[in-house]
Amino acid sequence: MARVWRFGEDVNTDQIVPGRFAPYVTSEAELRKYPFIEARPEFASSVVPGDIIVAGRNFGCGSSREYAPQALKLVGIGAIIAPSFARIFFRNGLNLGIPLFEADLQWLPDGAEVELNPEQAVLRFEDRSVQLPHPPAWMQAVWSAGGIVPYFREHGRFPGEAAQ
Amino acid sequence: MPQTLSEQILSNAAGRHVRAGDIVTARIDLAMVHDSIAPSVIRILHEELGAEHVWNAGRIAVAIDHVAPAATTQTAESQNRLRAWVRKEGIQHFFDAGRGIAHQVLIEEGLAQPGMLVVGSDSHSTAYGAVGAFGTGMGATDIALALATGQTWLRVPETIRVQARGRLRAGVTAKDVALRIARDLRADGATYQTIEYHGFDRFSLGERTTLTTMAIEVGGKAGVVPPTGLALADRSVPNWLRVEPGATYSRTLEIDLDELTPQIAEPNHVDNVVDLRDVGRVNVDVVYLGTCTNGRHEDLAAAARILQGRRIAPGVRMMVVPASSEALQLAVADGTISTLLAAGATLGTPGCGACIGRHMGVLAPGDVALFTGNRNFRGRMGHPDAQIYLGSPEVAAATAIAGYIADPREVVAVEPRAESSTVIPLMSS
Ligand code: SF4
Numbered sequence: 001m002a003r004v005w006r007f008g009e010d011v012n013t014d015q016i017v018p019g020r021f022a023p024y025v026t027s028e029a030e031l032r033k034y035p036f037i038e039a040r041p042e043f044a045s046s047v048v049p050g051d052i053i054v055a056g057r058n059f060g061c062g063s064s065r066e067y068a069p070q071a072l073k074l075v076g077i078g079a080i081i082a083p084s085f086a087r088i089f090f091r092n093g094l095n096l097g098i099p100l101f102e103a104d105l106q107w108l109p110d111g112a113e114v115e116l117n118p119e120q121a122v123l124r125f126e127d128r129s130v131q132l133p134h135p136p137a138w139m140q141a142v143w144s145a146g147g148i149v150p151y152f153r154e155h156g157r158f159p160g161e162a163a164q
Numbered sequence: 165m166p167q168t169l170s171e172q173i174l175s176n177a178a179g180r181h182v183r184a185g186d187i188v189t190a191r192i193d194l195a196m197v198h199d200s201i202a203p204s205v206i207r208i209l210h211e212e213l214g215a216e217h218v219w220n221a222g223r224i225a226v227a228i229d230h231v232a233p234a235a236t237t238q239t240a241e242s243q244n245r246l247r248a249w250v251r252k253e254g255i256q257h258f259f260d261a262g263r264g265i266a267h268q269v270l271i272e273e274g275l276a277q278p279g280m281l282v283v284g285s286d287s288h289s290t291a292y293g294a295v296g297a298f299g300t301g302m303g304a305t306d307i308a309l310a311l312a313t314g315q316t317w318l319r320v321p322e323t324i325r326v327q328a329r330g331r332l333r334a335g336v337t338a339k340d341v342a343l344r345i346a347r348d349l350r351a352d353g354a355t356y357q358t359i360e361y362h363g364f365d366r367f368s369l370g371e372r373t374t375l376t377t378m379a380i381e382v383g384g385k386a387g388v389v390p391p392t393g394l395a396l397a398d399r400s401v402p403n404w405l406r407v408e409p410g411a412t413y414s415r416t417l418e419i420d421l422d423e424l425t426p427q428i429a430e431p432n433h434v435d436n437v438v439d440l441r442d443v444g445r446v447n448v449d450v451v452y453l454g455t456c457t458n459g460r461h462e463d464l465a466a467a468a469r470i471l472q473g474r475r476i477a478p479g480v481r482m483m484v485v486p487a488s489s490e491a492l493q494l495a496v497a498d499g500t501i502s503t504l505l506a507a508g509a510t511l512g513t514p515g516c517g518a519c520i521g522r523h524m525g526v527l528a529p530g531d532v533a534l535f536t537g538n539r540n541f542r543g544r545m546g547h548p549d550a551q552i553y554l555g556s557p558e559v560a561a562a563t564a565i566a567g568y569i570a571d572p573r574e575v576v577a578v579e580p581r582a583e584s585s586t587v588i589p590l591m592s593s
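Heads up: the sequence lines are chains A and B, in that order.
Under our numbering, residues 1 to 164 are what the first sequence spells out, in order.
Under our numbering, residues 165 to 593 are what the second sequence spells out, in order.
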């Protein structure tokens, strides 16, 4: 079972990791302590690997700082589900191998216990089973490789090219 | 099939005819890395990707602008490691602390040119659209891949056309246009898309940069101003790059410049925009003039014209941080800086300053700031309990004098900016 952490709309990367806590001014080793340090101070200490973020639209807007999704990866976020993502965040999340699903699950309460199967894109909550949109095959290939770096090392090319 | 400017640039970069929606691998003309993200980029490049060297040292620009000069021993050490890496890789386009904000410097130096694909480790890399380039921001991993291969992959974006009509009135600026666009499109209105700005031929290069730096604030992948008009007269535009009638736009947003009045983004979202006259009385503690959006010479000079012979209100702290050393030199040469200092402002090293809340004027809890930058997120400039209002340099100057957010037209008799009033009729459009 995974816990749902609910967030609102337009969550920006300054909220996820404020610039003052960037690895450049703190250190990379400390990064896992900082996700939502000001917006939701209990998050970093209570989140457990596999937990899921469910948010409103435009998740991850603002700065291109990859250390925002990286901090979420370090605490083991299992997936992020939002009606829409800011482009750079989506790309960074994909590059790091974090499953991202574009769906509106804001009816889920904070703290809900759910089960997610990222491969099938199916989420179970109580007696409901929700089919999430299936990401395109090339995107799934990046996730299953563990991110863009292992993908590139394995294939020697960028995703999408084979599909041309 | 007629193409948008983004489709033209990405076709050139991909070496084949592309349309919105295509996923392409594209050749990069210029890649930018700044001090804040460089340590991660370098680690991923060498350790994770196993690349020995960058693909082309001549097509990479490195700037120390985010914490410039260094604020702590840790950032100082990190910057020295970056300098050593730049030397080892033979990167010539290196802009050390004090030269200015990467986006401004790359445009000043002529490194960013019409038709180029420019990627940067910074979301405001949309700035390069001011010269008719496709500029886009990416994270550390994408930039490391770009440095290793000279390529990146992209989904060719749909384009939103912003169509302006008329001319700005005195006291109303490109910043007000950018805020108006954020108000109309909202913070996610251009997600996965590009914005093309039509009807801005009269705009100076600086005014165009104000628009394009804020394309990301509505989610834009890029924001491109067609490279026409006097401001681009000295740049060579590739013959394949031109506005093609019949190109497909996902929507058109019309802006009537004649009717536009000063705009303010209230805390804590960039699209939380209202007419300044509806803001009510908001006393401020800090007025901050600078950033890649509004820290150029023309911005400083516009503020100085309003502050000329006046003093900032007691209790207000006014910080001026030029976007580049060139902006600073011009502002010294024509007396702009002495006017600002005589009015009671203080001056910071050209660069990002307190824009991301790391040094040089960060805000305390309870501080209220009028900021000429591009983001007013909670905690952006320091403490999360500070409040940030976004406005133009003219509004910043008027606010500094009044002590509360003020319309420049009500504080002094403002004149239109020289760039928009003296420019001779358009070359072409
Ligand atoms: S001035 Fe601010 S917005 Fe512009 S590049 Fe620097 S930190 Fe980013």
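We treat Cβ as the ideally placed atom computed from N, Cα and C, and that holds for glycine.
Treat the numbers as computed from the prediction; the structure is a model and nothing was measured.
DSSP links cysteine 61(A) through a beta bridge to Asn12(A).
Across the set Arg263(B), His257(B), Ser285(B), Glu241(B), the C-alpha of Ser285(B) shows the shortest separation from the C-alpha of arginine 91(A). The continuous alpha helix (DSSP H) containing arginine 573(B) extends over residues 572-575. Note on threonine 416(B): under 16 other CB atoms within 10 angstroms of its CB, so exposed under the neighbour-count rule. By the criterion of a C-beta distance shorter than 6 Å, valine 250(B) is surrounded in its chain by Val226, Phe258, once the five residues flanking it on both sides are discounted.
Interface annotation for the region 86-103 of chain A against chain B: Ala86, Arg87, Ile88, Arg91, Asn92, Asn95, Leu96, criterion Cβ-Cβ distance under 8 Å. Using a cutoff of 6 Å, the CB of cysteine 61(A) does not count as near the ligand SF4, since none of the ligand's heavy atoms is closer than that. Burial is judged here by how many other beta carbons sit within 10 angstroms of a residue's own beta carbon; valine 443(B) has at least 16 and is buried.
A residue is called buried once 16 or more other Cβ atoms fall within 10 Å of its Cβ, and arginine 441(B), having fewer, is exposed. In chain order, Asn12, Thr13, Asp14 place their CB closer than 6 Å to the CB of glycine 62(A), counting only its own chain and leaving out the 5 sequence neighbours on each side. The beta carbon of tryptophan 219(B) sits closer than 7 Å to those of Leu311, Ala312, Thr313, Gly314, all from its chain and outside the five residues before and after it, given in chain order. Residues of chain A with a Cβ closer than 8 Å to the Cβ of leucine 213(B) are, in chain order, Val149, Phe152, Arg153.
Comparing C-alpha distances from isoleucine 380(B) to each of Arg399(B), Thr358(B), Leu464(B) shows the shortest one belongs to Thr358(B). Contact of alanine 22(A) with chain B by beta-carbon distance below 7 Å involves Ser200. For the pair threonine 455(B) and glycine 387(B), the CB atoms are not nearer than the 7 Å cut-off. The C-alpha of leucine 375(B) is placed about 12 Å away from the C-alpha of proline 390(B). In the structure shown, leucine 108(A) adopts coil according to DSSP, grouped into three states. Under DSSP, threonine 316(B) forms a beta bridge with Ala190(B). Among the residues facing chain A, phenylalanine 541(B) is included, as its CB has a counterpart in that chain under 7 Å away. Relative to the ligand SF4, histidine 288(B) has its C-beta within less than 6 Å of a heavy atom. At least one beta carbon of chain A lies nearer than 7 Å to the beta carbon of alanine 304(B). Burial check for alanine 29(A): the Cβ neighbour count within 10 Å stays below 16, so the residue is exposed.
DSSP places leucine 534(B) within a strand segment (E or B) once states are collapsed to three. Around proline 548(B), the same chain offers Arg542 as residues with beta carbons nearer than 6 Å, after the five sequence neighbours per side are excluded. The Cβ-Cβ distance between glutamate 212(B) and valine 142(A) does not fall below 7 Å. Bridge partners of phenylalanine 367(B) according to DSSP: none are assigned. Residue state for asparagine 403(B) is assigned as coil, using DSSP reduced to three classes. Taking CB atoms only, proline 41(A) has no neighbour in chain B less than 7 Å away. With at least 16 other beta carbons inside 10 angstroms of its own, valine 205(B) counts as buried. Methionine 483(B) carries a strand assignment under DSSP once its states are collapsed to helix, strand and coil.
If you ignore the 5 residues before and after alanine 190(B), its C-beta comes within less than 7 Å of the C-beta of Leu174, Ala177, Ala178, Leu281, Gln315, Thr316, Leu318, all in its own chain and listed in chain order.
For tyrosine 356(B), the chain A residues whose Cβ falls inside 8 Å of its Cβ are Arg87, in order along the chain. With a 10 Å radius around the Cβ and a threshold of 16 neighbouring Cβ atoms, tryptophan 404(B) comes out exposed. The beta carbon of arginine 245(B) does not come within 7 Å of any beta carbon belonging to chain A, so the residue lies off that interface.
Nearest C-alpha to serine 242(B) among Arg399(B), Arg223(B), Glu216(B), His198(B): His198(B).
Proximity of the beta carbon of isoleucine 359(B) to the ligand SF4 is not indicated: no heavy atom of the ligand is located closer than 6 Å.
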